[in-house]
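Structure record follows, encoded as structure tokens.
Number of protein chains: 2
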Amino acid sequence: MNKIVVQKYGGTSIGDVEKLKSIAKKVSDKKEAGFFPIVVVSAMGKSTDELVRMSEEVTFNKKSPDLREKDTLLSTGELVSSTLLAISIKSLDKKVISLSGSQAGITTDDIHGSARISDINTSRILQEIKEDKIIIIAGFQGVNIDGDITTLGRGGSDTTAVALAAALNADVCEIYTDVEGIYTTDPRIVSNAKKLDKINYEDMLEMAVLGAKMHPRSIELASIYDVPVYVAGTFSKETGTLITKGVNMEKTKTVTGIAIDKNVSKITIKKIKNLPGTAASILKPLSDNSISIDVIVQNTPSDGFIDFSFSLSQEDLEKAYEILNNNNTLDFEEVVKGEDFAKVSLVGTGMQNAPGYATEMFNALGEKNISIDMITTSEIRITCLINQNDLDIAVNSLHETFELDK
Amino acid sequence: MNKIVVQKYGGTSIGDVEKLKSIAKKVSDKKEAGFFPIVVVSAMGKSTDELVRMSEEVTFNKKSPDLREKDTLLSTGELVSSTLLAISIKSLDKKVISLSGSQAGITTDDIHGSARISDINTSRILQEIKEDKIIIIAGFQGVNIDGDITTLGRGGSDTTAVALAAALNADVCEIYTDVEGIYTTDPRIVSNAKKLDKINYEDMLEMAVLGAKMHPRSIELASIYDVPVYVAGTFSKETGTLITKGVNMEKTKTVTGIAIDKNVSKITIKKIKNLPGTAASILKPLSDNSISIDVIVQNTPSDGFIDFSFSLSQEDLEKAYEILNNNNTLDFEEVVKGEDFAKVSLVGTGMQNAPGYATEMFNALGEKNISIDMITTSEIRITCLINQNDLDIAVNSLHETFELDK
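Protein sequence lines correspond, in order, to chains B and W.
Take the working numbering: the last position of the first sequence gets the number 417, and nothing is skipped along the way.
Take the working numbering: the last position of the second sequence gets the number 417, and nothing is skipped along the way.
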């Protein structure tokens with residue numbers, strides 16, 4: 012027990028002065044209780060969105076903002092929140108210091124906008140701990156070997172927190188957010204959704220990929236370094252959810268939760284010639300334009316032609332549609348776009364050696380007259396693309412079928 | 012001629028997106044014309060004020076914000092403007108890079124809030140020039156030997172610009188602002204105030220101390236390193252004012268200008284015992300609370316008692332008044348405060364060997380029935396504290412008396 016505890020507070024938790032002052036007290040109390048809090052903060056409220064908007068407004072000819080400059084720009088959001096939190100804690104007569112990602116020793120590769128942490132030199136942090144200080148660290152950012160500031164991309168502050176917890180061998184990484192933990196499914200849709208006391212890394216990873224609160228990257232990192240992650244509500248007295256290794260998990264529970272994602276659209280390329288490399292020719296121009304695609308379905312060739320479908324997020328639909336239609340290297344009949352889909356996924360490590368879950372899932376949806384548009388599975392997950400209007404009924408039905416409220 | 016030109020743009024010059032884009036074009040054009048622009052920027056518009064406000068709101072028990080944290084906080088304002096300007100210039104297909112104070116090699120002492128530049132390591136800047144890049148530098152900030160960010164205090168960005176011009180041996184340091192140059196006096200008060208083509212460092216220093224647009228510190232630095240400073244309107248086609256050595260100045264002109272400062276109040280301590288160290292006992296608690304005092308007048312002792320008066324800025328009046336009244340180490344009759352004063356000063360290097368200016372000034376004011384409350388003089392300046400209501404008449408009268416419109 013080295014008593015180091017890493018805490019991360021998200022943007023809504025420090026969205027205004029009063030909330031920030033509450034966090035200051037909470038952190039201060041943790042120190043009083045004998046711990047060494049290392050606190051990672053995101054930018055306040057919507058400030059990152061505001062900076063992104065400005066970076067786009069200042070360019071000529073609608074060019075994309077230079078990524079190196081944009082990274083330094085965005086990094087200021089976390090500098091503001093970390094210094095303000097330090098100022099607030101200091102006024103409670105506590106020893107405290109804020110560190111930028113660079114000062115905290117976080118070095119990354121030089122992929123601006125989505126850098127990966129390559130190393131954490133903890134010497135400065137350990138020095139500050141030795142001086143008995145609470146340490147506030149600007150999340151989401153690091154520095155490359157040239158001394159240029161980089162940002163870690165989506166979910167960056169979660170990643171900062173988990174990486175620090177790993178590097179400092181902290182007992183736990185606490186992620187405070189606007190939900191009270193990880194639920195069996197979205198409580199806004201299923202009224203008796205149950206908060207999980209524990210979930211293992213694998214299940215959480217699938218839940219995260221599929222729209223739960225944390226970024227998959229941070230879960231992956233936690234899993235590799237075996238960092239217990241505790242997710243809880245910032246201003247709640249309720250117990251949160253502990254994300255940890257699977258060994259102690261209840262063996263009988265096979266389905267852990269139902270993940271959902273509403274923001275889904277679909278593109279189908281009809282009657283495209285099935286040659287070696289066709290899939291790559293379709294997808295390369297999309298990834299070149301930073302469009303992530305998700306579920307891919309390709310039917311069996313007929314007369315040497317196939318239909319090729321994939322799902323993608325709603326925001327990317329128009330851009331992807333345009334790129335595909337302007338792709339002269341492809342020989343196809345037409346591109347069809349579809350909106351207002353949702354993904355519903357059954358997740359559970361326990362499913363991997365137990366057959367019949369897919370059947371039971373399809374059956375439950377069929378009984379409610381819900382048609383399935385696409386299906387994809389992994390060892391521990393079954394995902395169906397369905398009509399968005401059917402989502403609430405589907406999730407409630409599945410939650411009941413697999414007795415997740417028990 | 013190394014073609015390096017340092018330009019500084021103030022906060023109002025880049026107060027919104029459109030203005031910032033105009034600056035981007037202006038800088039880009041300068042590069043096209045064969046120069047290497049090194050551009051120093053202040054924070055946009057009122058953003059520094061906003062950060063200061065937030066730093067005060069997050070403290071408990073109205074404590075002052077920690078200065079080390081506040082410096083990092085405030086430094087983000089210039090990071091935002093410098094990266095946005097770089098993004099804008101980049102979108103014009105120019106090579107460009109923004110550098111923080113630290114990246115630009117600016118090291119300072121560790122007096123947070125009002126640090127002094129100790130050294131500029133220009134290697135990174137010279138490397139970027141070699142790569143043919145326009146360089147945008149975040150003004151107002153540096154880094155101390157511990158790697159902590161410092162800020163230079165009031166007028167900091169002007170100081171950054173002049174220091175860089177000196178370190179890079181630039182031909183000129185151009186300061187762009189919302190006025191078109193240095194005038195014989197405030198054109199809003201004296202309609203025929205004349206813009207000066209040239210002014211020497213000494214005169215400009217006095218004018219600056221007394222409320223003109225530039226900070227005295229930057230002028231002092233320019234004078235020491237002999238950096239010609241050109242002050243002009245950001246979006247104006249008019250010629251500005253060149254601040255330079257006095258050698259080429261017109262010898263016949265003895266009064267250069269009239270400086271004014273409206274933001275003046277006064278405190279008088281009545282009947283205080285005149286012991287060795289009395290003045291220090293009065294002033295030390297004030298400077299400990301960051302209150303700057305200005306003109307000091309102490310009358311001749313009578314029965315071992317004196318009246319001790321000084322002027323100070325309006326904002327500090329109440330705080331200073333309170334501190335003095337609570338100072339138990341002082342033995343005095345009462346503290347009297349006075350508001351709504353103004354300072355009017357005759358400035359000119361030429362005055363130093365020519366007598367009679369003071370008499371002529373007092374005479375001019377007397378003819379207009381203006382009473383003088385306090386007087387202070389230097390070799391090249393005569394300052395009178397007068398009633399604020401009398402200011403316009405005083406300045407106009409002096410401008411005419413000393414034929415500054417000629």
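Glycine included, C-beta positions come from ideal geometry on N, C-alpha and C.
In the three-state DSSP reduction, L163/B falls in the coil class, being neither helix nor strand.
Scanning the stretch 181-230 of chain B for uninterrupted beta strand (DSSP E) segments of 3 residues or longer gives 183-188 and 209-211, listed from N- to C-terminal end. Annotation for N374/W: the continuous alpha helix (DSSP H) segment containing it runs Y368 to E378. Using a CB distance cut-off of 7 Å, T83/W counts as an interface residue toward chain B.
When the beta-carbon positions are compared, I317/B and Q325/B stay at least 7 Å from each other. At a Cβ-Cβ threshold of 7 Å, E249/B and E344/B do not count as neighbours. Within 9 Å of the CB of S247/W, no CB atom of chain B is found; the nearest one sits about 22 Å away.
Annotated as distal: S389/B and T70/W, with beta-carbon spacing of 7 Å or more.
Here A115/W carries a coil assignment [DSSP, helix/strand/coil].
Taking 9 Å as the Cβ-Cβ cut-off, the stretch 101-125 of chain B approaches chain W at K101, S102, L103, D104, V107, I108, S109, S111, S113 and Q114, given in chain order.
Counted as a single uninterrupted DSSP element, the alpha helix (DSSP H) harbouring I34/W occupies residues V28 to E43. Interface annotation, K74/W: in contact with chain B, CB-CB separation under 7 Å. Following the DSSP letters along the chain, one finds P48/B inside the beta strand (DSSP E) bounded by residues F47 to V52. Every unbroken stretch of the alpha helix (DSSP H) spanning 4 or more residues and falling wholly within the stretch 278-304 of chain W is given here in chain order: 289-299.
Between the alpha carbons of L232/B and A174/B lies a gap of roughly 7 Å. For the set I397/B, E371/B, A44/B and G26/B, the Cα lying nearest the Cα of K14/B is the one of A44/B. Listed as beta-bridge partners of T255/B by DSSP are N211/B. Identification of residues in the stretch 153-171 of chain B having a C-beta nearer than 7 Å to some C-beta of chain W yields G158, given in sequence order.
Straight across, the Cα-Cα distance linking L95/W with E61/B is about 12 Å. Between G56/B and G22/B, the CB-CB gap stays under 7 Å.
Flagged as an interface residue toward chain B: S99/W, by a C-beta distance shorter than 7 Å.
For N336/W, the three-state secondary structure derived from DSSP is helix. Here V69/B carries a coil assignment [DSSP, helix/strand/coil]. Taken through DSSP and simplified to helix, strand or coil, I156/W comes out as coil. Note that the stretch 327-345 of chain W does not touch the stretch 187-207 of chain W; fewer than 3 beta-carbon pairs, one per stretch, sit closer than 8 Å. With contacts defined by Cβ atoms closer than 7 Å, V154/W and I193/W do not form a contacting pair.
L96/W sits in a helix when the DSSP states are folded into three classes. With a cut-off of 8 Å on Cβ pairs, the stretch 141-161 of chain W is not in contact with the stretch 207-214 of chain W, counting fewer than three such pairs.
If you check each beta-carbon in the stretch 21-51 of chain W against every beta-carbon of chain B, the ones closer than 8 Å belong to V28, L31, K32 and A35.
A contact is defined here as three or more CB-CB pairs under 8 Å, and the stretch 274-289 of chain B meets this definition with respect to the stretch 339-354 of chain B. In the three-state reduction of the DSSP assignment, S102/B falls in the coil class, being assigned neither a helical nor a strand state.
When the beta-carbon positions are compared, I108/W and E89/W stay at least 7 Å from each other. Per DSSP, the unbroken alpha helix (DSSP H) holding D403/W starts and ends at L402 to T412. One finds M65, S66, V69 and L84 in chain B with Cβ atoms closer than 7 Å to the Cβ of L95/W, taken in chain order.
Nearest to F47/B by alpha-carbon distance, out of S168/B, L207/B and S39/B, is S39/B. In terms of Cβ geometry, R127/B and D121/B do not form a close pair [threshold 7 Å].
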